[in-house]
Amino acid sequence: MPGFNRKGILVLALIAVLALLAVPLGAQDMEETEFIFAHPGPIRTLDAPVTWFISTHWLANLLYDCLIWRTVDGSGYVGQAAESWENVDDTTWRFNLRPGNTFHNGEPLDAAAVKWNIDRVRTREDFMVQPQWVDVAEVIVVDETTVDIVTVGPTPYFEFIVSFNGCELLPPGYVEEVGDEAFSRAPIGSGPYVLSEFTESDRYVFEAWDDYWGGRPEIDRVIYQVIPEQSAQVAALLAGQVDMVSNVPAVELPGLEAAGDIVLTKETAAVMQHIYLRVDTTAGNMAETYPDFEPATLDLNVRQAISHAIDRDLLAEVHGAAVPRLGRICPHFPEGGADSFNNPETVTAHYDPDLARSLLADAGYADGGPTVYFDTPTVSRGGNEKEVAEVVSAMLEEVGFDVELNVLDPAAFGEQINSPGNNRDMMMVTLGCSVPLVPLFYRCVWPAAHHDVCVEEWDEVSNAILSEMNSETRLELWGQWWDYWFGVLQNVTLYEVQANIAYSSEFDFTPRKDGWYTFRENLKLAGDDM
Amino acid sequence: MSTGPGQPAAAAQSEEDVATLVTGHSRQPSLLSLLRRSPIGLIGTGIISLVIVLAVISPLIVPHDPIRGNLRTRYKPPGFIGDDGAFHLLGTDQLGRDIFSRILVGSRVSVLVGVVAVMIAGTIGVLYGLTSGFLGGRVDGFMMRICDAMLSIPFVIRVVAISGIVGPGLVTLILILGLSGWVTYARVIRGEVLKARENDYVLAAWSIGQRPLWVVLHHILPNVIASAIVLAALQVGITMLAESSLSFLGLGVKPPTVTWGIQLADGKSVINSAWWMTAYPGIAITITVLGVVFLGDWLRDSLDPNVRGRD
Amino acid sequence: MQQFIATRIVQGLITLIIVSFLAFFLVRLKGDPVDITAPPTFNEDQKQRLRELWGFDKPLAEQYVIFITRAVTGDFGIAYLSKRPAMELVIERLGATWLLAGVASLIGLSVALPLGIISSLKRNSLFDLGSTMLASIGTAMPSFWLGLMMIIFFSVRLRLLPAFGARDPSAIIMPSLTMGVGMAAYLSRLTRSAMLEVLNEDYVRTAYSKGLITRTVVFRHAMKNALIPIMTVFGLQLGWLLGGSVVVESVFSWPGLGRLMIDSIGVRDNTVVQAALLFFSLSFISINIVIDILYAVIDPRIRFD
């Protein structure tokens, strides 16, 4: 039989090829330290101000310096291109730049360069981060190393804005010389690392820059490798081929722990999982798409029943790495006053199915019901929205609700529910939990099809917070703000999302409180002093 | 892009359909006797009957509630016994639901989707390929260019586009899978027809003035159907897998409906640890496919004019 | 034959235009890229300006004309979120995609043909039964599962192969095997069936039993005739593989077209989707032309008129 022999040869050949190609891995030059981070992807352009995708800005902030940046522990700000800064008056912020600082290509990073950058990002309408800069009225070059940024009105959280997405400083001469497109192919910044090679949305290699003002970084090479599948990320870590995985499913932790050379830690992802409840029928397309539909959640009793029917402790357990919460501000921010609503006892006591049942009875549903529609993406920034939504549904049905759960792929969810505002009663949503952004959502001018809440007094309080320069007065305003939050109950908070981080014990790592995987001073070789 | 080898889909007429279609008159006795003599046919029939019976009676025999789990016993390995004495033969999933129960109940929609979608695709594809190959010339050229156009639009884009027109649900799911896979059959059958219509017996049939439809049904189809049956049998498994990805694009069935595909998708991100979440639904699909393939082999043999009656 | 090829190429171009038309409207059927990509901080005015910038404010017909006139010069526009030409992003990934498709289909063929042929020659033997079972497992096994199991075995346990990427020469082994298995399963069954069909034709059996022809002749004759369905399906599968496989590329982090396509569809980046679609069409159209020619080469009785 000719086939047999041929097949035998083939198998042998295949084995030979396998053996030949199996070059031993990990034979890195021992002198150089290399750190590989498993990024879930996708990664967008590193012309940083163009995009608002946070997971792209993780990389951008290796390549670029901003004027100032958030500290690792989230408690304040630290100078990058700016050595120091001060609030000259209610609307003027003065930044003193590091003298003699340059971009990677030698171009001076001076006041004119800063002005060029901020003017670029606040005027380019195709830049996704542009709206963040609308509060800036003018950028003034005082002298070579001094620049004033003047805001339209008093902006207490300006440091947050000036250190947020789009803060990255680009070399003006180079950008103007080569144009946006060529810049996207070979971006240059002034950060501690130089981008040495990349394949779009696949692999980005950063090499330490000798001339960084803070000195050459300790890790010689940082690589962001896109690995889309969670299981493959964990396997790559176990195989010793990547050094860090940022979002490990809780069930995988024992296996990683048993591997021995892997450090496990847990840190906030700086986002919270919530459920938006319909408080009106005017926002979005809901009324057009479902003309005869009247959301049961228009009744405050129903909304309260939902909130009390949810066992957040159990949900957090299902999530795997979450901390149950009631108020939508993460406690590590120094302001906001949500601590009293977020301590474990208060959250646990909030779960009261009997109260939920009696609230439903008050709303006229003593004999069961109402039917509520609940939309959720399969997965979003929270990690496992689908499972959590299934459990929430079960909890609501326990107290008498009929839940119609609608699970959609994230893109379809965005397209069918989120963007057009076709959410009916309930919608799963993951939101950032930083103080300076939260009040934005509760102003009447906030444009959001899926989420509309306009209570005039609340709007006033939110606006007041955003323009009150006195921090004590601001805290009082926050006190009032929370009364509306719980009084209106447009948003039921479930928990603060945390990430299980696993990394090679060759490294010492301090996770950032903003949930960003940017590796600067928070990453060292193990054994060094941190 | 493909969702796997070959696009999801395809065909399998019930045996009676094909028999009647091919022969024009009943050959039931010979089919049955063939079945009796073919161990493969018997095993195939046995597996498929078992799957169907289990699917039908599954709600009556599930040991646990397949939809509500015990959240305190999540991700438990096979053979786990809870504090309350609950025994989980194949372990539990991310919501503490019994995997064995979910596989039993999941068989209903999975098998239905797999078989019906394959039948739709196969029927369309075979008819299309027959027409195109038989008519030949410009008609063939035109019909094949339509196939090229169909192939050129990746599955994902078709799915996204269809999702804009129709709402999700079981029928949509079956239609998408069914209407996606016919091109494979069409091209294979058409190629076979091109060859078959030059055969002596076909030319002979022509020369004695038999009507075209008669020639196609009696002389061409029996000679080309074998490939379609083989393809269809394999497509059942591929369709069941494709259902898994569709459910997550928001076009499949919704929770609390259980399918094997949804179970696979649920376990995908935790394969390193909770391997049982994907392994067992995978085995269920494999066994079903094996049954269908055996059945297809037997059916193929009993329809092949050259093989029939031998062995 | 030359006439036939020329006609087919012209037909191919027409198909390409039809596909461009279909693709253009299909991707615009649902979903507004601006809605999907704009941050929540964008208000309606800002979104509208972005739509104007990306050209969505014009009537669809006009958009199509603009698209097609630019496309013939190879300009598919600047990708919305990567800010690089869409075609450049696609071309960047062609090499890896085609390499993987090529190796995978070689594996598929070299496993499927011997397996299918031996099965057909030793029908109903243990070997046949075994290869039937292997093929069933091959198609029923989810490729993400097979892929991850291989990673766990070869990368985690044996520390032999890279778990991701396409940089190391050995990196192609696991993804191509994963892809090849499905193809092999499929093709081996088809080979077996097609071979059986020919082997059992009366004149072949008679000639063989009377010792008029040798086994080798049977084999050659059968193989040639069995090739038609095998080639057809092989061509289709190769076509799909050339478009990239989302699942295999995701599991092995292979920088191929499939992932680019999924990422782009996720944000409705029509520029990249359309550029990638061009290569989809081209691969199917050219593969099908080649297969039609091969039909006639294998069986000269087949005419295309």
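Protein chains in written order, with the working numbering: chain X, 420 to 949; chain S, 4 to 314; chain D, -17 to 287.
Think of the CB as a built atom: it goes at the ideal place given N, C-alpha and C, for glycine as much as any other residue.
When the Cα atoms are used, what is the spatial distance from L42/D to R111/S?
Locating residue 42/D in the third sequence gives position 60, where the first residue counts as 1. Locating residue 111/S in the second sequence gives position 108, where the first residue counts as 1. Each residue's alpha carbon lies about 44 Å from the other.
Do A457/X and V661/X count as a contact pair if the criterion is CB distance below 8 Å?
Here residue 661/X refers to the residue found at position 242 when the first sequence is read from its first residue. Here residue 457/X refers to the residue found at position 38 when the first sequence is read from its first residue. Yes.
What does a CB cutoff of less than 7 Å around G238/D pick up in its chain, not counting 5 residues either side in sequence?
Here residue 238/D refers to the residue found at position 256 of the third sequence. If we look at G238/D and ignore the five residues flanking it on each side, its Cβ neighbours are R75, A78, T79, L82, G226 and E231.
Comparing the C-beta of E648/X with each C-beta of chain D, is any distance below 8 Å?
For the purposes of this step, residue 648/X is identified with residue 229 of the first sequence, where counting begins at 1. Yes, its Cβ sits closer than 8 Å to a Cβ of chain D.
Can you give the Cα-Cα distance for L267/S and L93/S, rounded to whole angstroms?
Sequence index remark: in the second sequence, residue 267/S carries index 264 (1-based). Sequence index remark: in the second sequence, residue 93/S carries index 90 (1-based). Rounded to whole angstroms, L267/S to L93/S spans 14 Å at the Cα level.
Examine chain X for any beta-carbon lying closer than 8 Å to the beta-carbon of N275/S, and answer yes or no.
Here the question's residue 275/S lines up with position 272 in the second sequence. With 8 Å as the cut-off, N275/S counts as an interface residue toward chain X.
Taking the alpha-carbon positions, what's the T198/D to A204/D distance?
Taking the first residue of the third sequence as position 1, residue 198/D is located at position 216. Taking the first residue of the third sequence as position 1, residue 204/D is located at position 222. Distance between the alpha carbons of T198/D and A204/D: 10 Å.
Around the Cβ of A61/D, are there at least 16 other Cβ atoms within 10 angstroms (buried) or fewer (exposed)?
Locating residue 61/D in the third sequence gives position 79, where the first residue counts as 1. Result: buried.
Alpha carbons only, please: which of G299/S, E195/S, I232/S and V163/S is nearest the one belonging to R10/D?
Taking the third sequence and counting its residues from 1, the one referred to as residue 10/D is at position 28. Ranking the options by Cα distance to R10/D, first place goes to V163/S.
Consider the Cβ of F266/D: report whether some Cβ of chain S lies at a distance smaller than 8 Å.
In the third sequence, the residue the question calls residue 266/D occupies position 284. It does: the Cβ of F266/D has a partner Cβ on chain S nearer than 8 Å.
Would you identify the three-state DSSP class for Y62/D, choosing helix, strand or coil?
Mapped onto the third sequence, residue 62/D falls at position 80. It is coil, neither helix nor strand.
Check the Cβ of A813/X against every Cβ in chain S and list those closer than 8 Å, keeping chain order.
For the purposes of this step, residue 813/X is taken as residue 394 along the first sequence, with counting starting at 1. Neighbours of A813/X on chain S, chain order: R71.
Tell me, to the nearest whole angstrom, how far the beta carbon of P985/X is from that of A627/X; I am working on the premise that it is less than 8 Å.
Residue 985/X is absent from the structure shown; chain X starts at 420 and stops at 949.
Taking Cβ-Cβ distances shorter than 9 Å, what residues in chain S pair up with L824/X?
Your numbering for residue 824/X matches position 405 in the first sequence. Here the neighbours are K257, P258 and P259.
Hey, how far is the Cα of A530/X from the Cα of E563/X?
Taking the first residue of the first sequence as position 1, residue 530/X is located at position 111. Taking the first residue of the first sequence as position 1, residue 563/X is located at position 144. Taking the straight line joining both Cα atoms gives about 5 Å.
Alpha carbon to alpha carbon, what distance is there between F602/X and E596/X?
Numbered from 1 along the first sequence, position 177 holds the residue referred to as residue 596/X. Numbered from 1 along the first sequence, position 183 holds the residue referred to as residue 602/X. Approximately 9 Å between the Cα atoms of the pair.
Specify the secondary structure class of Q256/D as computed by DSSP and reduced to three states.
One-based indexing of the third sequence puts residue 256/D at position 274. Here Q256/D sits in helix by DSSP.
E578/X touches chain S at which residues, Cβ-Cβ below 8 Å?
Here residue 578/X refers to the residue found at position 159 when the first sequence is read from its first residue. Chain S residues near E578/X: none, gap ~38 Å exceeds 8 Å.
Got a sec: which bits of the stretch 596 to 626 of chain X sit with their beta carbon under 7 Å from any beta carbon on chain D, in order along the chain?
Here the close residues are D599, E600, S603, R604, T618, E619, S620, D621 and R622.
Where F928/X and D639/X are concerned, what is the direct C-alpha to C-alpha distance, given to the nearest angstrom?
Position 509 of the first sequence, counted from the start, is the residue given in the question as residue 928/X. Position 220 of the first sequence, counted from the start, is the residue given in the question as residue 639/X. If I take the Cα positions, the gap works out to 15 Å.
What residue from L197/S, V186/S and L224/S has the CA that sits closest to I149/S's CA?
Along the second sequence, read from residue 1 onward, the residue named residue 149/S stands at position 146. For the residues L197/S, V186/S and L224/S, the minimum Cα distance to I149/S belongs to V186/S.
When the distance is taken between beta carbons, is I247/D closer than 8 Å to V169/S?
Along the second sequence, read from residue 1 onward, the residue named residue 169/S stands at position 166. Along the third sequence, read from residue 1 onward, the residue named residue 247/D stands at position 265. No.
Using only alpha-carbon positions, find the residue among T565/X, S494/X, L778/X and Y936/X that is nearest to I725/X.
Within the first sequence, the letter at position 306 stands for residue 725/X. The option with the nearest alpha carbon to I725/X is L778/X.
Counting only runs of 4+ residues fully inside the stretch 224 to 303 of chain S, write out the alpha helix (DSSP H) ranges in chain order.
The qualifying runs are 224 to 251 and 263 to 270.
What residues from the stretch 212 to 243 of chain S come within 9 Å of chain D, judged by C-beta to C-beta, listed N to C?
Answer set for the stretch 212 to 243 of chain S: N226, V227, A229, S230, I232, V233, L234, A236, L237, Q238, V239, G240, I241 and M243.
Is it right to say T51/D is buried, meaning 16 or more other beta carbons lie within 10 angstroms of its own, or is it exposed?
Position 69 of the third sequence, counting from 1, holds the residue named residue 51/D. Answer is exposed; the Cβ neighbour count stays below 16.
Are any of the Cβ atoms in chain C nearer than 8 Å to that of Q692/X?
Although the question refers to chain C, the structure presented lacks it and instead comprises the protein chains X, S and D.
If W279/S and P80/S are in contact, beta carbons under 8 Å, what's the gap, nearest whole angstrom?
For the purposes of this step, residue 279/S is taken as residue 276 along the second sequence, with counting starting at 1. For the purposes of this step, residue 80/S is taken as residue 77 along the second sequence, with counting starting at 1. Contact flag correct, Cβ pair sits at about 6 Å.
Is the shortest distance between the beta-carbon of F262/D and the beta-carbons of chain S less than 8 Å?
Within the third sequence, residue 262/D is the residue found at index 280, counting from 1. Yes, F262/D counts as interfacial toward chain S.
Closer than 7 Å by beta-carbon distance: list the chain X residues that pair up with E74/D, in chain order.
As a position in the third sequence, residue 74/D is number 92, starting the count at 1. Within 7 Å Cβ-Cβ: T618 and E619.
Short check: CB of E915/X to CB of A945/X, under 8 Å?
Position 496 of the first sequence, counting from 1, holds the residue named residue 915/X. Position 526 of the first sequence, counting from 1, holds the residue named residue 945/X. Taking 8 Å as the Cβ cut-off, E915/X and A945/X do not qualify as a contacting pair.
Tell me whether the beta-carbon of I165/S lies closer than 8 Å to the beta-carbon of I177/S.
Along the second sequence, one-based indexing puts residue 165/S at 162. Along the second sequence, one-based indexing puts residue 177/S at 174. No, the Cβ-Cβ distance between I165/S and I177/S is not below 8 Å.
Which residues in chain D sit within 8 Å of P763/X, going by Cβ to Cβ distance?
Here residue 763/X refers to the residue found at position 344 of the first sequence. What P763/X touches in chain D: nothing, since even the nearest Cβ is about 30 Å away.
Which partner residues of L850/X appear in the DSSP bridge assignment?
The sequence position of residue 850/X within the first sequence is 431, counting from 1. DSSP lists M691/X as partners of L850/X.
Pop quiz: T173/D and A94/D are said to be a contact at Cβ under 8 Å. What is the actual Cβ separation, rounded to whole angstroms?
Position 191 of the third sequence, counted from the start, is the residue given in the question as residue 173/D. Position 112 of the third sequence, counted from the start, is the residue given in the question as residue 94/D. Contact flag correct, Cβ pair sits at about 6 Å.
Taking any Cβ of chain X, which residues in the stretch 113 to 132 of chain S have a Cβ under 8 Å from it, in chain order?
Residues passing the 8 Å Cβ filter: none.
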